[in-house]
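First comes the structure, then the notes that go with it.
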Amino acid sequence: MDEFADRAPVVFFGKEIADVYRPVATRGSEPLLSICVPTYNRAPKLRSLLHSIVVQCAGLEQEVEIVVSDNASPDDTGGMVRRCSETFPIVYSRNRTNEGPLRNIQILASTLAQGKFTWLIGDDDLVLPGGVRLVLEVLRTNPEVHFVFANTLPRGADEYTAKMRDGIVHGEDFPTDGPRKGKYVGDRKLAAFDELVDPNVDEVFLGALMCGVSRTSAWRAYPREFSSLSGSWGGSFHTLEGSYPHAMVYAQTMVGKPAYYLGTPVSIAFWGAQEWLSGVPRLVLLRLQELLALYEENGVAAKRIARCRAGLVENSRAALATMVLDSATPGFEEFSVNKYIRDNRVVAHEVFDQLDTIVGTARAKRISNRLVDEAEALVKVYPRIRLPQGVDGGVNPQASSAFQQAMARFQTLLNQGKLSEALSYLHMAKKAAPDASSAAMVDQVFKMLAEKGLYGRPGGTPATGRVRPSR
Numbered sequence: 001m002d003e004f005a006d007r008a009p010v011v012f013f014g015k016e017i018a019d020v021y022r023p024v025a026t027r028g029s030e031p032l033l034s035i036c037v038p039t040y041n042r043a044p045k046l047r048s049l050l051h052s053i054v055v056q057c058a059g060l061e062q063e064v065e066i067v068v069s070d071n072a073s074p075d076d077t078g079g080m081v082r083r084c085s086e087t088f089p090i091v092y093s094r095n096r097t098n099e100g101p102l103r104n105i106q107i108l109a110s111t112l113a114q115g116k117f118t119w120l121i122g123d124d125d126l127v128l129p130g131g132v133r134l135v136l137e138v139l140r141t142n143p144e145v146h147f148v149f150a151n152t153l154p155r156g157a158d159e160y161t162a163k164m165r166d167g168i169v170h171g172e173d174f175p176t177d178g179p180r181k182g183k184y185v186g187d188r189k190l191a192a193f194d195e196l197v198d199p200n201v202d203e204v205f206l207g208a209l210m211c212g213v214s215r216t217s218a219w220r221a222y223p224r225e226f227s228s229l230s231g232s233w234g235g236s237f238h239t240l241e242g243s244y245p246h247a248m249v250y251a252q253t254m255v256g257k258p259a260y261y262l263g264t265p266v267s268i269a270f271w272g273a274q275e276w277l278s279g280v281p282r283l284v285l286l287r288l289q290e291l292l293a294l295y296e297e298n299g300v301a302a303k304r305i306a307r308c309r310a311g312l313v314e315n316s317r318a319a320l321a322t323m324v325l326d327s328a329t330p331g332f333e334e335f336s337v338n339k340y341i342r343d344n345r346v347v348a349h350e351v352f353d354q355l356d357t358i359v360g361t362a363r364a365k366r367i368s369n370r371l372v373d374e375a376e377a378l379v380k381v382y383p384r385i386r387l388p389q390g391v392d393g394g395v396n397p398q399a400s401s402a403f404q405q406a407m408a409r410f411q412t413l414l415n416q417g418k419l420s421e422a423l424s425y426l427h428m429a430k431k432a433a434p435d436a437s438s439a440a441m442v443d444q445v446f447k448m449l450a451e452k453g454l455y456g457r458p459g460g461t462p463a464t465g466r467v468r469p470s471r
């Protein structure tokens with residue numbers, strides 16, 4: 001690395017773990033934005049990413065730095081970075097041993113980045129032409145924000161290969177009018193980061209690495225060292241930290257602070273190329289549930305989290321079926337149907353509808369395992385209650401609202417095993433029924449409870465004992 005400045009050690013939590021080479025032009029600078037790339041053994045893809053960045057950074061040396069953290073790659077990553085640095089100076093750091101993907105990200109954002117803001121981008125992504133300047137413009141004109149959601153264009157891995165020219169994939173070869181990760185149109189400042197915890201912004205709740213531009217100070221202040229799990233990212237999905245370490249930092253540092261939604265796409269994310277795709281069921285059924293709980297624990301409103309859970313459950317149909325039916329699925333031993341129901345009790349009906357279908361498939365295919373047995377036992381005892389999706393015209397809206405609220409409260413208490421309290425709300429729902437069909441539906445609920453031995457008689461008194469809560 002002769003073209004770089006003298007080598008300097010990188011000290012991380014009191015230990016020398018890497019060597020950083022800073023071009024003379026970048027020493028002592030305090031740029032507005034650090035574009036940070038964690039990488040391991042993927043020099044060809046890293047070449048395309050760095051090319052997509054350096055070609056648009058001419059004249060931005062005082063505002064932008066590009067930082068690459070090489071996790072002890074055995075390939076020509078260092079040489080490739082040196083060649084790209086001939087166009088724009090790149091800070092290159094090489095870990096002395098493989099620190100694992102989690103710690104490599106933390107080293108970048110907390111120790112190597114010198115900018116006020118850090119934009120983490122995977123080595124298999126691309127920055128769209130003009131993307132760097134768009135992000136800079138947001139940061140310049142909104143100095144009070146702590147976080148920017150930078151929209152991306154999801155594309156298939158096959159498109160990456162098909163678009164390659166002379167060994168490089170070019171961002172300008174991709175149309176920008178296709179599907180976007182963030183569904184909202186336009187760019188806007190937000191009063192609080194919390195508004196970005198929304199499935200219409202990111203269905204993995206800011207877990208998409210390339211979409212987060214955050215204050216570097218948040219990373220520097222994060223008190224705990226990430227684990228040093230080595231190998232591919234997929235090998236570390238046993239914990240939330242091992243799945244979405246960056247989102248954990250956001251959840252614990254950004255809630256309540258001003259943010260910005262940049263709806264204009266500034267990058268391309270290629271899905272299907274990742275080595276960790278076999279771990280998707282574990283991610284969506286376990287890790288994303290934990291991430292939502294962490295957001296709520298740190299102050300994101302319960303109603304917002306409930307909406308996120310509803311969307312997540314709907315999008316997790318295939319993952320739930322795979323997890324329950326196939327005992328070889330990563331995360332099978334860790335997953336609990338009871339806990340999944342409890343975590344998503346606000347949409348318990350949807351969960352049970354999915355489980356009902358899965359149990360039917362298991363019977364038809366003669367599949368038997370721990371999760372199938374657990375799901376079947378729960379489906380047998382759960383009251384199948386349907387809230388009406390609408391009422392005939394002319395119904396009193398206030399009465400309809402009272403009815404829906406009473407039924408929702410009934411369901412929540414029933415899930416918690418509080419049968420007597422649930423019953424009182426069922427009676428309230430009967431009184432507030434806005435039409436004959438709704439009243440008939442409540443009577444049907446009483447009847448089903450009685451048939452299951454959970455209620456003395458339709459419309460009458462509770463049976464002895466309590467409903468067993470989901471565990």
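So for the sequence shown, the UniProt record's numbering puts the first residue at 1; every next one is plus one.
Ideal placement from N, C-alpha and C gives every residue a C-beta, glycine not left out.
Backbone secondary structure at residue i - three-state DSSP
{"i": "residue 58", "result": "coil"}
{"i": "residue 315", "result": "helix"}
{"i": "residue 264", "result": "strand"}
{"i": "residue 72", "result": "coil"}
{"i": "residue 473", "result": "The question about residue 473 has no answer here: the residues shown for the chain are numbered 1 through 471."}
{"i": "residue 11", "result": "strand"}
{"i": "residue 386", "result": "With a pLDDT of 41 at residue 386, under the threshold of 50, the predicted position of this residue should be treated as unreliable, though the coordinate-derived value follows. Residue state, collapsed to three classes: coil."}
{"i": "residue 187", "result": "strand"}
{"i": "residue 335", "result": "coil"}
{"i": "residue 240", "result": "coil"}
{"i": "residue 254", "result": "coil"}
{"i": "residue 397", "result": "Since pLDDT at residue 397 reaches only 41, below the 50 mark, its modelled position is unreliable, and the value read off the structure follows with that caveat. Residue 397 falls in the helix class under three-state DSSP."}
{"i": "residue 293", "result": "helix"}
{"i": "residue 212", "result": "strand"}
{"i": "residue 370", "result": "helix"}
{"i": "residue 391", "result": "Since pLDDT at residue 391 reaches only 33, below the 50 mark, its modelled position is unreliable, and the value read off the structure follows with that caveat. Three-state result, residue 391: coil."}
{"i": "residue 408", "result": "helix"}
{"i": "residue 127", "result": "strand"}
{"i": "residue 486", "result": "This structure cannot speak to residue 486, because the chain is shown only from 1 to 471."}
{"i": "residue 172", "result": "helix"}
9 Å Cβ cutoff met for residue i and residue j
{"i": "residue 362", "j": "residue 337", "result": "no"}
{"i": "residue 18", "j": "residue 94", "result": "yes"}
{"i": "residue 33", "j": "residue 65", "result": "yes"}
{"i": "residue 356", "j": "residue 309", "result": "no"}
{"i": "residue 335", "j": "residue 285", "result": "yes"}
{"i": "residue 149", "j": "residue 115", "result": "no"}
{"i": "residue 215", "j": "residue 117", "result": "yes"}
{"i": "residue 438", "j": "residue 403", "result": "yes"}
{"i": "residue 237", "j": "residue 287", "result": "yes"}
{"i": "residue 199", "j": "residue 180", "result": "no"}
{"i": "residue 189", "j": "residue 260", "result": "yes"}
{"i": "residue 212", "j": "residue 147", "result": "yes"}
{"i": "residue 226", "j": "residue 102", "result": "yes"}
Nearest neighbour of residue i, chosen from the options [CA to CA]
{"i": "residue 307", "options": "176, 373 and 194", "result": "194"}
{"i": "residue 298", "options": "141, 21 and 254", "result": "254"}
{"i": "residue 90", "options": "191, 210, 37 and 96", "result": "37"}
{"i": "residue 554", "options": "111, 260, 190 and 41", "result": "The question about residue 554 has no answer here: the residues shown for the chain are numbered 1 through 471."}
{"i": "residue 125", "options": "142, 88 and 168", "result": "168"}
{"i": "residue 245", "options": "408, 104, 78 and 381", "result": "104"}
{"i": "residue 92", "options": "218, 448, 40 and 63", "result": "40"}
{"i": "residue 75", "options": "51, 43, 294 and 144", "result": "43"}
{"i": "residue 57", "options": "133, 164, 224 and 432", "result": "133"}
{"i": "residue 347", "options": "319, 326, 303 and 381", "result": "303"}
{"i": "residue 331", "options": "243, 102 and 296", "result": "243"}
{"i": "residue 86", "options": "260, 23 and 447", "result": "23"}
{"i": "residue 428", "options": "415, 417 and 411", "result": "411"}
{"i": "residue 98", "options": "197, 424, 300 and 71", "result": "71"}
{"i": "residue 145", "options": "426, 257 and 440", "result": "257"}
{"i": "residue 69", "options": "113, 433 and 29", "result": "113"}
{"i": "residue 53", "options": "432, 223, 79 and 170", "result": "170"}
Where the beta strand (DSSP E) containing residue i begins and where it ends
{"i": "residue 39", "result": "33-39"}
{"i": "residue 149", "result": "147-156"}
{"i": "residue 222", "result": "Per DSSP, residue 222 belongs to no beta strand (DSSP E) and is neither H nor E."}
{"i": "residue 94", "result": "90-95"}
{"i": "residue 118", "result": "117-120"}
Cβ-Cβ separation, residue j to residue i (assumed contact under 8 Å), whole Å
{"i": "residue 442", "j": "residue 430", "result": "5 Å"}
{"i": "residue 247", "j": "residue 205", "result": "7 Å"}
{"i": "residue 210", "j": "residue 121", "result": "5 Å"}
{"i": "residue 265", "j": "residue 128", "result": "6 Å"}
{"i": "residue 185", "j": "residue 263", "result": "6 Å"}
{"i": "residue 197", "j": "residue 295", "result": "5 Å"}
The alpha helix (DSSP H) enclosing residue i, as first and last residue numbers
{"i": "residue 104", "result": "100-107"}
{"i": "residue 419", "result": "419-432"}
{"i": "residue 361", "result": "348-365"}
{"i": "residue 79", "result": "77-84"}
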